[in-house]
Structure formats: structure tokens, C-alpha cells
Ligand code: SF4
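Residue numbers (the working numbering): 6 to 377.
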């Protein structure tokens with residue numbers, strides 16, 4: 006075992022919520038495209054590849070840290086002073102909760118090429134004990150270039166799941182948002198991933214067409230997803246972060262954001278338009294108004310639409326109470342409204358904000374934007 010000392014391991018800024026407890030391995034820094042108007046994550050950051058040897062060295066160090074952590078736990082001792090506290094948290098999370106899940110960062114790992122990524126995946130599967138799942142982000146631009154045969158090689162190397170930001174299936178929306186890809190290439194990339202036997206998480210962003218393109222955005226996104234039949238559809242409602250270039254467009258009046266109710270109506274049209282798929286729709290982010298709009302197609306489609314109808318059957322003030330409770334973390338689903346005491350407290354808080362001249366709708370919106 007190498008001398009651990011206090012070592013530092015590079016980590017990128019984001020990973021999907023489903024990878025919250027995964028061990029993070031960074032093979033590139035930032036995003037090679039970095040032009041999407043709605044995305045604040047890597048703006049101002051330069052893209053670069055990490056040396057394969059450097060990544061391998063970190064994998065070896067993580068392996069040693071996992072061993073030390075396990076020895077400590079077996080001896081029921083205090084946390085090892087040989088491991089940096091930050092790394093200890095990562096190792097502990099992975100060893101205890103992530104069930105052997107590894108996530109490769111940053112925004113588009115396949116861009117390093119099939120050969121190099123395969124080498125790293127094989128290495129980490131060989132060196133780290135108990136790896137059961139390897140996942141990564143990728144972009145349709147890159148995956149469409151790699152194609153089916155290349156994706157099969159990544160699957161053989163041990164890539165189990167890919168997260169791709171579809172965002173929209175509408176060419177107009179994709180062009181407006183500078184996504185750098187069109188609908189047909191998104192379909193090519195999705196089919197190559199699924200065809201290779203790699204689980205595909207495809208992200209749909211409700212609201213990305215604004216008021217101007219909402220209907221087209223919903224219908225075209227559904228069309229593209231119908232053509233791919235991804236393993237998962239993950240919803241991430243558009244929230245315009247102040248650092249995203251889209252904020253400027255909205256300020257100039259060139260993009261009109263949807264209200265929360267309009268967004269839920271768009272999601273209804275999107276779900277109605279999904280046909281012939283067996284995907285699981287996940288609403289695993291607080292930025293989505295309705296967490297219960299989730300389930301497996303086709304069986305749960307009516308249940309998802311019923312949840313939307315239930316929301317719209319509420320009067321306007323109750324919908325606001327729900328959204329305040331939801332964004333504040335007090336409500337998880339519409340059933341939460343049945344808690345009379347909690348509901349009265351939220352209604353009281355809304356009254357208080359109004360008496361102080363606070364625009365509650367605006368407060369909900371800006372809170373959500375701050376979460377992105
Ligand atoms: S959305 Fe993805 S591809 Fe677009 S700039 Fe952000 S990280 Fe890059």
C-alpha cells in the first residue's frame with residue numbers, strides 16, 4: 006500500500022442525483038462544448054483532458070483509502086488520520102451506501118475517445134474492490150460520432166449507464182439554446198447507446214422553449230424520446246440561473262419563461278405525446294413542481310396524468326401553498342397538503358410575506374433558480 010498521507014483527489018462540480026453516493030473519478034475537466042445558453046455550470050472554465058496516468062494514480066490511491074477505511078471500521082476505531090477528511094467522506098459514502106457505483110466526470114467523458122475511456126474503465130474495475138456499476142455523462146454530439154460499434158466497445162469495457170442531456174427534441178429550441186446538436190443526431194446517439202446495451206438516462210427540460218415554443222418543445226421532445234425508448238427519462242424543469250447566458254436573453258425579452266402552472270401544462274402535453282416506450286420517467290429533482298409525476302411507461306402513464314389533473318383541480322391559492330411547501334422542502338407530494346397544521350403554517354407564512362410586500366410567486370421562482 007502506498008503512503009496515503011493527506012492526498013487530494015480532483016473532483017468535478019456536479020453529478021446526477023442518482024449518483025449522490027457514487028465514487029467520483031474525473032477524467033476530463035469541464036465541458037468541451039460549454040455553449041448551451043441555459044447552463045451555468047462550466048461557464049468561464051476551460052476544458053482539458055486529464056492524463057490517463059494521473060487518473061490511474063488516483064484510482065490506486067482511492068483503492069488504498071478504501072482498504073484503510075475498511076480496516077478502521079473492522080477495528081471499530083476512530084476515522085483514520087491517514088485519510089484526508091474530504092476523501093474519507095467519499096470513501097465512506099461509496100463503501101457504505103453506493104453499492105459499488107462509480108461515476109466518471111465531467112460533462113462529456115466519451116470525448117476522450119473509446120480506447121482511452123475503455124482503458125480507464127477497465128483499470129478502475131480491476132483495481133477498485135466491489136465495483137458494480139460504472140456510469141458517466143456524455144453528449145449526443147460525441148456519442149453520435151462514436152456510433153453503435155464504439156458504444157459496444159465501451160459496454161464491453163464495463164460502462165453500464167450513460168446520462169445524456171437531450172433537453173429538447175425540437176430543432177428550433179436546440180438551435181435557440183445553442184445545444185450544438187439537432188434532433189436526428191440526438192436520436193442517433195440515443196439509439197447507439199441503447200443498442201449497445203448501455204442504460205440510458207435522457208434528460209428532458211420542461212420550459213426550455215419558453216412561452217414561444219412550449220408546444221413544439223413538448224411534442225418534438227416526445228417524438229425523439231419515442232424513437233429512442235431510453236431506460237430513463239429524467240425531468241429537470243428549466244430554472245434560469247443568473248449566471249446562465251439565458252438570463253440575459255430573458256432580461257432583453259427575447260425569451261419568455263413559463264410560469265410553474267404553464268410548465269406543468271407543458272409536461273402534461275409531453276406525457277400525452279409519449280407513445281410506444283417502456284422507459285421509467287423519474288422526477289428526481291426539487292426544481293420539478295410535481296415529484297409524483299413519475300413511473301414506468303406505459304402502465305403508469307394514466308397515473309402521471311391523473312397527478313397533473315389533481316394539481317390543476319386545486320384552486321390557485323392552494324397551488325401556491327403547495328409550491329411554497331415544495332420548494333421549501335416541507336412538501337414531497339400533493340398528499341402533503343392533507344397535513345392541515347403544516348398547510349396552515351405555510352399559508353400563514355405566505356400572508357406574512359405579502360404583508361411585507363414580498364411577491365411570493367417571485368420568491369418561489371428565485372428560490373428554484375438558486376437551487377440549479
Ligand atoms: S448543458 Fe452539458 S453540453 Fe451544454 S454547456 Fe452544460 S455541460 Fe456542456
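Glycine included, each C-beta is placed from N, C-alpha and C at the ideal position.
Restricting attention to 65, 325, 199, 31, the CA atom closest to the CA of residue 232 is found in 199. Counting only the Cα atoms, residue 146 lies some 6 Å from residue 186.
For residue 40, the Cβ falls inside the 7 Å cut-off from some heavy atom of the ligand SF4.
Pairing residue 111 with residue 282, the inter-Cα distance amounts to about 29 Å. If you look at residue 128, you'll find it in the alpha helix (DSSP H) that goes 119 to 132. Residue 34 is a Cβ neighbour of residue 53, given a cutoff of 8 Å.
Bounds of the beta strand (DSSP E) holding residue 140 are 138 to 143.
About 7 Å separates the beta carbon of residue 249 from that of residue 42, a gap short enough to meet the 8 Å contact definition. Residue 222 sits in a helix when the DSSP states are folded into three classes. Taking a C-beta distance under 8 Å as the contact criterion, residue 123 and residue 158 qualify as a contact pair. The three-state secondary structure of residue 182, taken from DSSP, is coil.
The C-alpha of residue 210 lies about 12 Å from the C-alpha of residue 182. By the neighbour-count criterion, in which 16 or more other beta carbons inside 10 Å mark a residue as buried, residue 49 falls on the exposed side. DSSP places residue 50 in the coil class of the three-state scheme, outside both helix and strand.
The continuous beta strand (DSSP E) containing residue 170 extends over residues 166 to 172. In the three-state DSSP reduction, residue 270 falls in the helix class (H, G or I).
When rounded, the separation of the alpha-carbon atoms in residue 375 and residue 80 is 43 Å. One thing to note: residue 173 has its Cβ within 8 Å of the Cβ of residue 213.
Relative to the ligand SF4, residue 112 has its C-beta within less than 7 Å of a heavy atom.
Three or more beta-carbon pairs drawn from the stretch 293 to 312 and the stretch 266 to 282 are found closer than 8 Å, and the two stretches are therefore classed as touching. Shortest gap from the CB of residue 283 to any heavy atom of the ligand SF4: 7 Å or more.
The Cβ atoms of residue 125 and residue 60 sit closer than 8 Å to each other. The DSSP-derived three-state label of residue 301 is strand. By the neighbour-count definition (other C-beta atoms within 10 Å, threshold 16), residue 170 is a buried residue.
Relative to the ligand SF4, residue 170 has its C-beta within less than 7 Å of a heavy atom. In this structure the stretch 187 to 198 touches the stretch 218 to 233; the number of beta carbon pairs closer than 8 Å is three or more.
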